[in-house]
Amino acid sequence: MAIPERFSNLPDYAFPRLRALLSGIEPGLKNGETPTVLTIGEPRHAMPDFVAGVIAANIGGFGKYPPNDGTPGLLSAIGGWLGARYGLDVAPDRIMALNGTREGLFNAALALCPERKNGARPAILIPNPFYQVYAVAAAAVQADPVFVPATPETGNLPDYAALPSAVLDRAAIAYLCSPANPQGAIADRDYLETLLALAERHDFLVFADECYSEIWREAPPPGALAVAAEMGLADRVVIFNSLSKRSNLPGLRSGFVAGSAANIAQIRRLRAYAGAPLSLPAQAVSEAVWRDEAHVAASRALYQQKYAIADRVLGNVPGYRPVQGGFFLWLPVTDGEDAARTLWAQAGIQVLPGAYLSREVDGCNPGKGFIRVALVADAEQTEPALQRLRAVLYDGTTGGEG
1 MAIPERFSNL PDYAFPRLRA LLSGIEPGLK NGETPTVLTI GEPRHAMPDF
51 VAGVIAANIG GFGKYPPNDG TPGLLSAIGG WLGARYGLDV APDRIMALNG
101 TREGLFNAAL ALCPERKNGA RPAILIPNPF YQVYAVAAAA VQADPVFVPA
151 TPETGNLPDY AALPSAVLDR AAIAYLCSPA NPQGAIADRD YLETLLALAE
201 RHDFLVFADE CYSEIWREAP PPGALAVAAE MGLADRVVIF NSLSKRSNLP
251 GLRSGFVAGS AANIAQIRRL RAYAGAPLSL PAQAVSEAVW RDEAHVAASR
301 ALYQQKYAIA DRVLGNVPGY RPVQGGFFLW LPVTDGEDAA RTLWAQAGIQ
351 VLPGAYLSRE VDGCNPGKGF IRVALVADAE QTEPALQRLR AVLYDGTTGG
401 EG
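Counting along the sequence shown from 1, when you hit position 304 you're at 304 in full-length UniProt numbering, and nothing is skipped either side.
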């Protein structure tokens with residue numbers, strides 16, 4: 001059976017591409033060093049210490065079907081967190097629990113993207129580079145993906161307002177990640193207000209991917225739903241968040257989507273037919289974790305320590321931009337694939353070529369001259385790894401700008 005064309009045209013996912021790129025290259029290790037993997041955004045800080053106890057207390061829940069939308073306790077906990085974090089009053093019918101944000105970012109497009117917009121095939125606006133599920137969602141609903149450069153020249157955020165009106169009038173959804181993966185840029189209040197006004201003018205939804213919202217340098221990033229509520233445009237925004245990054249629980253696969261009652265009702269309706277709810281023990285853990293902030297502050301302090309290390313080691317590299325949120329460095333190089341091969345061969349360090357997170361548009365891939373480096377290891381591992389990275393890419397003669 002032939003693969004549908006809308007999926008066959010998708011490039012291979014980033015990590016299989018990386019494995020192929022490095023295949024056959026022996027890692028360059030010295031003096032008992034071990035390989036350092038800085039590719040995947042999998043937090044390695046300690047999970048909250050109460051998780052095991054909550055699972056044990058609710059172990060019997062594995063013998064029951066869980067509610068699709070989330071238990072009352074979990075929805076209440078998420079609503080309480082939204083109130084404490086953003087000053088929002090979000091009723092339970094405006095929230096749904098997710099198996100991580102990826103499920104929601106994909107399924108929300110299935111539930112909310114129209115088949116036609118102003119008599120034409122709809123468009124979905126996507127920052128470039130981007131989290132790859134955005135493009136798969138566009139393909140699934142057979143919308144035209146519009147990849148909008150998010151480069152240093154645009155503050156590493158997409159300038160959707162610069163698109164032609166004809167494109168904006170076909171737009172059904174605009175994805176936004178803040179803090180941005182991979183660049184670490186934060187959409188400030190002015191940016192969000194401009195985007196929301198654009199969404200209102202051209203009648204599209206903003207899907208705000210905020211899974212890195214609790215990892216920041218100096219001040220918490222503003223939330224898209226909170227800004228929209230202040231503008232009277234809360235029905236324009238659907239937000240997504242999870243416990244993977246906030247609470248170092250990527251294996252729990254627990255997150256949420258929130259928005260207007262009408263939009264969440266449509267997403268819930270799809271879930272009832274085709275979704276997979278979280279198990280009851282996972283929902284019990286999630287409820288407890290959303291109600292606790294102490295572990296979040298402790299984890300954030302560790303990331304801030306690593307921001308300082310990165311600034312100290314790489315701060316005078318031409319083109320280096322201090323990360324503002326999240327845990328990725330977006331480092332300038334001559335060619336990302338060359339840099340990844342060189343780092344693996346000379347220092348035993350794995351990084352991700354930026355081109356694997358971007359799409360080529362009009363002959364230009366905005367990620368080609370970058371690598372993504374995940375600051376997920378502890379500070380004791382991070383500092384020597386970044387020093388070796390600098391020595392190879394920027395103080396040497398190959399792979400970088402130095």
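Just so you know, even glycine gets a beta-carbon here, dropped at the ideal spot from N, CA and C.
Nearest neighbour of residue 218, chosen from 225, 177, 325 [CA to CA]
When only C-alpha atoms are compared, the closest one is 325.
I believe residue 257 touches residue 238 by the beta-carbon criterion, under 8 Å. Please report the beta-carbon distance rounded to the nearest angstrom.
6 Å
Start-end ranges of the alpha helix (DSSP H) lying completely within the region 118-189, minimum 4 residues:
133-140, 165-170
What residues match up with residue 240 in a beta bridge as DSSP calls it?
209, 257
At least three beta-carbon pairs within less than 8 Å, the region 276-290 to the region 61-70:
yes
Best match in 69, 338, 46, 148 for proximity to residue 365 [C-alpha to C-alpha]
148
For residue 92 and residue 75, which I take to be in contact (beta-carbon distance under 8 Å), what is that distance rounded to the nearest angstrom?
4 Å
Using a Cβ-Cβ cutoff of less than 6 Å, which residues in the same chain neighbour residue 410 once the five nearest sequence positions on both sides are dropped?
Nothing can be reported for residue 410: it is not among the residues displayed for the chain, which extend from 1 to 402.
May I have the straight-line CA-CA distance separating residue 112 from residue 266, to the nearest angstrom?
7 Å
Using only the alpha-carbon positions, how far apart do residue 73 and residue 56 sit?
18 Å
So, at 8 Å on beta carbons, what are the nonlocal neighbours of residue 320 in its own chain, with the 5 sequence-adjacent residues on each side left out?
314, 331, 332
Runs of 4 residues minimum, wholly inside the region 40-111: which ones carry the alpha helix (DSSP H) assignment?
51-57, 72-86
Can you give the Cα-Cα distance for residue 205 and residue 174, rounded to whole angstroms?
6 Å
Nearest-angstrom Cα separation, counted from residue 392 out to residue 193
Computed Cα separation, rounded: 42 Å.
In chain order, what residues of the same chain lie with their CB nearer than 6 Å to the CB of residue 223, ignoring the 5 residues before and after it?
86
Residues bridged to residue 204 by DSSP?
Answer is none; residue 204 lacks a bridge partner.
Which full runs of the beta strand (DSSP E) of 3+ residues lie inside the region 307-345, going along the chain?
328-332
Classify residue 27 as helix, strand or coil using the three-state DSSP reduction.
coil
When you compare only the Cα positions, how much space is there between residue 376 and residue 118?
45 Å
Looking at the strands, I want to know which residues DSSP matches up with residue 350.
37
Using DSSP's beta-bridge definition, name the partner residues of residue 374.
328
Hey, out of 361, 363, 388, 214, whose CA is closest to residue 349's CA?
388
Is there contact between the region 240-248 and the region 351-365, where contact requires at least three CB pairs shorter than 8 Å?
no
Rounded C-alpha distance that separates residue 355 from residue 370
One Cα belongs to residue 355, the other to residue 370, and the distance between them is close to 7 Å.
Given 8 Å as the limit, is there contact between the region 299-308 and the region 127-140, that is, 3 or more CB pairs closer than that?
no
Would you grab the beta carbon distance between residue 255 and residue 242 for me? Rounded to a whole angstrom, and I think it's under 8 Å.
3 Å
In whole angstroms, give me the CA-to-CA distance for residue 306 and residue 380.
10 Å
With a threshold of 7 Å on Cβ separation, who are the neighbours of residue 189 within its own chain once the five nearest residues in sequence on each side are excluded?
Cβ within range, chain order: 222, 227.
Let me make sure I understand the geometry here. Which of 271, 272, 310, 260 has the alpha-carbon closest to that of residue 88?
260
Would you report the Cα separation of residue 229 and residue 83, rounded to the nearest angstrom?
12 Å
Between 116, 290, 203, 164, which has its C-alpha nearest residue 141's C-alpha?
116
By a C-beta neighbour count over all protein chains shown, 10 Å radius and 16 as the cutoff for buried, is residue 101 buried or exposed?
Buried, by the Cβ-count rule.
Work out the CA separation of residue 253 and residue 68 for me, nearest whole Å.
15 Å
Sequence-distant residues of the same chain with beta carbon closer than 8 Å to residue 402, five excluded per side:
Here the model assigns residue 402 a pLDDT of 36, short of 50, so the residue's position is not dependable and the matter cannot be decided.
Could you check which residue in 287, 334, 378, 127 has the C-alpha nearest to that of residue 54?
287
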